[in-house]
Each structure stands twice: as structure tokens, then as C-alpha cells.
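At position 357 of the sequence shown (counting the first as 1) the number is 357 in the UniProt record's numbering, and the numbers step up by one without a gap. All remarks here apply to the structure that follows.
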Amino acid sequence: MATAVAASPAQSRKTETYTDTKRRDDVRGLNIAAARAVADAVRTSLGPRGMDKMISSGEQEVIITNDGATILSRMSLLQPAARMLAELSRSQDAAAGDGTTTVVVLAGSLLRRAQSLLSAGAHPTAAADALHRLATRAVEVLHAMAIPIELSDRDSLVKSASTALNSKVVSQYSSLLSPLAVDAALSVVDPAHPDLLDLRDIRVVKKLGGTVDDTELIRGLIFDKKASHAAGGPTRVENAKIAVIQFQVSPPKTDIEQSVIVSDYAQMDRILREERNYILGMVKKIKASGCNVLLIQKSILRDAVTDLSLHYLAKAKILVVKDVERDEIEFITKTLNCLPIANIEHFREDKLGYADLVEEVSVGESKIVKIMGIKDMGRTATVLVRGSNQLVIDEAERSLHDALCVIRLVSGLINELQRVNWLRCLVNKRFLIAGGGAPEIEMSMQLAAWAKELQGMESYCIKEFAEALEVIPYTLAENAGLNPISIVTELRNRHAKGEKNAGINVRKGQITNILEENVVQPLLVSTSAITLACECVRMILKIDDIVTVR
1 MATAVAASPA QSRKTETYTD TKRRDDVRGL NIAAARAVAD AVRTSLGPRG MDKMISSGEQ
61 EVIITNDGAT ILSRMSLLQP AARMLAELSR SQDAAAGDGT TTVVVLAGSL LRRAQSLLSA
121 GAHPTAAADA LHRLATRAVE VLHAMAIPIE LSDRDSLVKS ASTALNSKVV SQYSSLLSPL
181 AVDAALSVVD PAHPDLLDLR DIRVVKKLGG TVDDTELIRG LIFDKKASHA AGGPTRVENA
241 KIAVIQFQVS PPKTDIEQSV IVSDYAQMDR ILREERNYIL GMVKKIKASG CNVLLIQKSI
301 LRDAVTDLSL HYLAKAKILV VKDVERDEIE FITKTLNCLP IANIEHFRED KLGYADLVEE
361 VSVGESKIVK IMGIKDMGRT ATVLVRGSNQ LVIDEAERSL HDALCVIRLV SGLINELQRV
421 NWLRCLVNKR FLIAGGGAPE IEMSMQLAAW AKELQGMESY CIKEFAEALE VIPYTLAENA
481 GLNPISIVTE LRNRHAKGEK NAGINVRKGQ ITNILEENVV QPLLVSTSAI TLACECVRMI
541 LKIDDIVTVR
């Protein structure tokens, strides 16, 4: 009996089953932990002294970058909440073009504070509502800090582009790339509509060889291929008359796949003679229009040109560039101020473009075709990016794109200002804001002061979330090798004295007036980052279960 009694507790422990009574908290905690892990992964890449990431794919493709959107887009994320942060970075890239790492780090810090609020007994809905009010108030604080500028102020645009480039792998070339990006943007913007800057009007051509210092802005057109001079055609043409054609200078083929059987030499000779006459007739029509440079669209149905057609075009002294991609035709015709020609019967002089010089030049170990001195050139620009290896070239292109996005934001109208009555008078001007962690610490202090005016759980939540904004200056100092606690404390002290533009100067390792150091960024980068981060965190807080379906 004693043995049986002693065995019963052990037996009952074996048969006990755990009942999950905290599933909602566990799901929410799992989502927060996954999202914070993603934020921590890119946090070390924030700022001008941030680390770079080497991304290696299964296809042996290697990318070295510290751009948040690029890193997160390449990560294989399985957890849904983690994927939400990758999409958050992509949204910031689409909305502002810069601040892709900032928005993820902000979201991670807000989630950490939210987790502490939930563990203290706050309801997720109360925390989410407080976050919504905080985002609205934070945007108002940023608007109050904004500095209006004019589009003609080239120096301010260069400063904005430099700030975007200083955190990139190619930051040492920011003094070259920043003015280049500004000049490219100003050359394509229409003074009548300065808010309509289409980045598709700026074409980036990458060419291996040289260094990033050799990158240049071309006032004309560049083709990353050599001229087709296999038959001895010209490689340099002055006073060029240029045609962009979308038809093939080659013998026609049957509409359906079939075989043509030739039984004797007379029939073969007749076929060859007809092909020669057909091509010769086309070349004569091209030459009769005065055209001496031919840009031929790439064809998928049959060869765009043949050796025979190249021979006749060379005899007619016509420079040929073949295999022009279909998606480049619109840019080329806009630049040359000409019309694409879809049929030989429509080949007329009024559809041609005019340029002073078209020539084939050597760049490194390869050759390109340059078109310079274009008459009535459209509002487009071409940037030739050089680099010692493909990794540097790709990163230079990404950095240039970020700088152009920043310039577009500065030159564009800030639509959000229309919703703020006391700034409506400034809606026709463009706005910049200080960088270096200044806007985040100012928001943190003003929101913390505002929280004291509120009552109840909302006041407690807003105070917690306001402190979360200090993660940006803290991380900037940490990545620069400074003491983050002393730096953020001093920064908070300077802002308390009314120095709104005091920020972290990572080069000097101290707090300075960041506007005097020319560290500025578009207002939309900061407003978009805080708005999107709060929206993403609210969404994660409101998820209490994960339902899988087949």
C-alpha cells in the first residue's frame, strides 16, 4: 500500500498536460521578438560611421552595402512580423528614398518600449492609440523645426545630398557625387513644374574600370556598347543626323514556321538576289533622308541586322548601333528630341535627331558610343559611373539613387504641410531639417513634456514611447565609437537650453550646431520615418493570434 501511495504523485506528474492560457500574449511577444531581431540586425549600419553588411546569395552573388532597404530586401525572412519590418523599409524607400535604416531602428525601439508597457499591465489597444497620437504630435514638432529653402539654392541641395551619401560605402566620394547628383536633377527639372522631378529622366550607365573619381555627368547620350563596324563602317560622325528605328534591316521571314526547299542553283541565286535588292532598297531610303547614324532596337523575332545589311550601311557611311533595348527607346527619343520610326515607309527627315558629334570612345578595356552636342536636347541626363570592381559600382549606383531621391524630396512640394494650418503659408517653399539626431532628441523632449499634461495610461504610454526616440542619437554615437550615454545626456542638456539644431558631430566626436556643419536632410525623410514606424508598431501590437491556412 505504501508503495502504491508513493508512486501515485510521480504517475500523476507524467500524465499532467500543459494548458496554454496565455496564447495571445505569447503570439504578441513572439512577433515583437522577431521584429526586434530584424531591427537589431541593421542597427549597426546606421549613420556615417555605421558598419557594412556583406550579403551572399546561393548563386555566389555578393553585395556589400549598408543601405537598410537593400539589406532587408535580400534577407530570407520567414516570420510574418519580421517580414513586416522589411516591407516597412521598402515603404520608406518608396516614400522618401532615404532613412530606410532609421525607420527600422525606430520601429525596433518602439516595440521594445511597447513590450515593457504590456508586461506592466497596459492594454495593447491603449498603447496603440497613444502611439497614434504621438505620431501626429511628432510631425508637428518636426514642422516647427523645418527650414524653408528655394529650389535655386544649389548649396542647400548639395548639403542634403552629401548627408545622404555620408552614411554610404562610397562616402569618401560624397564631395564628387553630391554636386553631380544636384546638377543631374536640376538639368532635368522643368522650371514651370519644379515639383515634378521624374528620376527616370536620369539614366545611370555603369562601366567597369577606373575609380569612382572618374564618374561624370554626360550632357548627351551614352550607349554601353560599341558601334557595329564589322563591315568597315564609320566610328565617328560629325554633324550627325540620327534615326531611332524599330524595324529590322534584314530579309523578312515567313509568319509561320516552315521550311523552304530550294532544288537548283537558279532558285538559290534568285533568293539571294531578292534579299540583296530588298536590303539595298531599305538602305537607299535611309540614306535619302540624310541619316548618317542609325540606332536599331533589339529584335526578338529575327536578326535586326545581318552582315549583308551592315555591309551596305558601311558603304553608305552610316554609323550603326544595334541591339538598343526596348525600354531605352523612350529615354533616347526624349533626349534626341526625335520620333521612333516603326516602318521604312515612314522614314522621313522630320523624324531625325541632330547632334554635333557621335563617336566610339574607349573606356577602360571596353568601348562605348557617345552622342554629344545634341540640338534641342530634351530634359534628360546621363551619369557614367566608374569603379574598380562591380561591388563598388553597384553601391555607387545605389548611393546616387538615394541622393537623387533626397533632391527630389527637397524640390518637391511637401503635401503634408497643407494639413497644418499654421504652416499653410509656407506650402510653396521646400523644407530642410537638421540631421545628427537633433530632430529625434527634440521630439523626445517635447513629447515627454506633453505627456506630463495628459492623464492616466495615455500619459504613461506616451512618456515611454517618447524615450524610445532617443535610440537614433544613441545608435549614432555608439556606431561612431563614442560614449553613447554621455553624448545623449549632453545632447539632451543642450536641447533643454533651447539649441534645437544641436546634434552629434561624429567626425569631431562632440555636440555641435549641426546646421553649421551642413548636415541636413529633407523634412519628408523624418516625418515619413516616424509616421511609418508608428503605423507598423501599432499593427504588430494589435495582432493577438496567427492563423495558418492551407
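Backbone N, C-alpha and C fix where the C-beta goes; we use that ideal spot for every residue, glycine too.
### Backbone CA spacing between Lys168 and Glu345 [nearest angstrom]
If I take the Cα positions, the gap works out to 52 Å.
### Message
With the cut-off set at 8 Å, would you say Asn292 and Leu319 are in Cβ contact?
### Response
Contact: yes.
#### Entry: Close Cβ partners of Asn337 (< 7 Å) along its chain, the five nearest in sequence each way excluded
The answer, listed in chain order, is Gly353, Asp376, Met377, Gly378.
### Message
Does the structure place the stretch 461-480 close enough to the stretch 111-118 that three or more beta carbon pairs sit under 8 Å?
### Response
Because the criterion of three Cβ pairs below 8 Å is met, the stretch 111-118 and the stretch 461-480 touch.
### Message
If the criterion is Cβ atoms closer than 8 Å, does the pair Lys500 and Ala438 meet it?
### Response
In this structure, Ala438 lies closer than 8 Å to Lys500 by Cβ.
### Contact check, Ala434 vs Ile504, beta carbons under 8 Å
Result no, Cβ atoms of Ala434 and Ile504 do not sit closer than 8 Å.
### Query
Looking only at its own chain, which residues have a Cβ that is under 6 Å from the Cβ of His95, when we skip the five neighbours before and after it?
According to the sequence as given, residue 95 is Ala; it is not His. Around Ala95: Ser528.
### Per-residue DSSP class, three states only, for Lys298
It is coil, neither helix nor strand.
### Task
Measure the C-alpha to C-alpha separation of Lys159 and Tyr278 and round it to an integer number of angstroms.
So the two alpha carbons sit approximately 59 Å from each other.
#### Entry: Burial state of Ser119 (16 or more Cβ within 10 Å)
The residue in question, Ser119, is exposed, as its Cβ has fewer than 16 Cβ neighbours within 10 Å.
### Query
For Leu319, which beta-bridge partners are listed by DSSP?
For Leu319, which the question treats as bridged, DSSP gives the partners Val293.
### Query
Pairing CB atoms from the stretch 122-138 with CB atoms from the stretch 526-545, are three or more of them under 8 Å?
Taking 8 Å as the limit for Cβ pairs, the verdict is that the stretch 526-545 does touch the stretch 122-138.
### Task
Pull up the DSSP beta-bridge partners for Leu357, would you.
Glu238, Met372, per the DSSP bridge assignment.
### Message
Can you tell me whether Arg490 is helix, strand or coil according to DSSP?
### Response
The question names Arg, but residue 490 in the sequence shown is Glu. Glu490 falls in the helix class under three-state DSSP.
### Message
Can you tell me where the alpha helix (DSSP H) holding Lys287 begins and where it ends?
### Response
Looking at the DSSP string, the run of the alpha helix (DSSP H) that includes Lys287 is 265-288.
### Task
Quick one: residues in its chain with C-beta nearer than 8 Å to the C-beta of Leu391, no 5 flanking neighbours on either side, listed in chain order?
The answer, listed in chain order, is Val62, Ile63, Ile64.
### Query
Are Lys225 and Val321 touching if we call contact CB-CB under 8 Å?
It is a contact, given that the beta carbons lie within the stated cut-off.
### Message
Check for me: the beta strand (DSSP E) holding Lys206 runs from which residue to which?
### Response
It spans 202-208 - the beta strand (DSSP E) in which Lys206 sits, taken as one unbroken run.
### Inter-residue spacing [alpha-carbon to alpha-carbon] between His193 and Arg408
Take the alpha-carbon of His193 and the one of Arg408: they are about 12 Å apart.
#### Entry: Boundaries (first-last residue) of the alpha helix (DSSP H) holding Ser73
According to the DSSP assignment, Ser73 belongs to the alpha helix (DSSP H) that extends over 68-74.
### Where Asp190 sits in the DSSP three-state scheme
Three-state DSSP puts Asp190 in a strand.
### Message
Let's see if you can read the secondary structure: which residues bound the alpha helix (DSSP H) around Ser388?
### Response
Taken as a continuous stretch (DSSP letters only), Ser388 belongs to no alpha helix (DSSP H), as it is neither H nor E.
#### Entry: Residue range of the unbroken alpha helix (DSSP H) whose run includes Thr102
Counting along the chain, the alpha helix (DSSP H) containing Thr102 begins and ends at 100-119.
### Query
In chain order, what residues of the same chain have a beta carbon less than 7 Å from the beta carbon of Gly364, not counting five sequence neighbours either side?
Lys207, Leu208, Gly209, Gly210, listed in sequence order.
#### Entry: Identity of the residues DSSP links to Pro148 by a beta bridge
Note: Pro148 sits in a beta bridge opposite Phe431.
### Query
Which term fits Asp269, buried or exposed, when burial requires 16 or more other beta carbons within 10 angstroms of its beta carbon?
Taking all protein chains shown into account, Asp269 has fewer than 16 neighbouring C-beta atoms within 10 Å of its C-beta and is therefore exposed.
### Message
Checking 8 Å against the spacing of the C-beta atoms, do Val38 and Ile546 come in under that value?
### Response
Not in contact: Val38 and Ile546 (Cβ atoms no closer than 8 Å).
### Query
Among Leu357, Thr235, Gly220, Met282, which residue has its Cα nearest to the Cα of Ser250?
A check of alpha carbon separations from Ser250 across Leu357, Thr235, Gly220, Met282 identifies Met282 as the nearest.
### Query
Name the DSSP bridge partner or partners of Val324?
For Val324, DSSP records a beta bridge to Gln297.
### Query
Helix or strand or just coil, what does DSSP make of Ile329?
Three-state DSSP puts Ile329 in a helix.
### Task
Please classify Val62: does DSSP put it in a helix, a strand, or coil?
In the structure shown, Val62 sits in a strand (DSSP, three-state: E or B).
#### Entry: One or two residues paired with Gln510 in a DSSP bridge
Under DSSP, Gln510 takes part in a beta bridge, and its partners are Asn505.
### Task
Out of Thr101, Gly47, Ile149, Ser178, point me to the one whose CA is closest to Ala403's CA.
Of the candidates Thr101, Gly47, Ile149, Ser178, the one whose C-alpha sits nearest the C-alpha of Ala403 is Ser178.
#### Entry: Helix, strand or coil at Pro522 [DSSP, three-state]
It is a strand residue.
### Task
Report the rounded CA-to-CA distance for Pro124 versus Leu454, giving the unit in angstroms.
Going by the C-alpha atoms only, they are around 19 Å apart.
### Alpha-carbon spacing of Val189 relative to Ser89, whole angstroms
Their Cα atoms are separated by approximately 27 Å.
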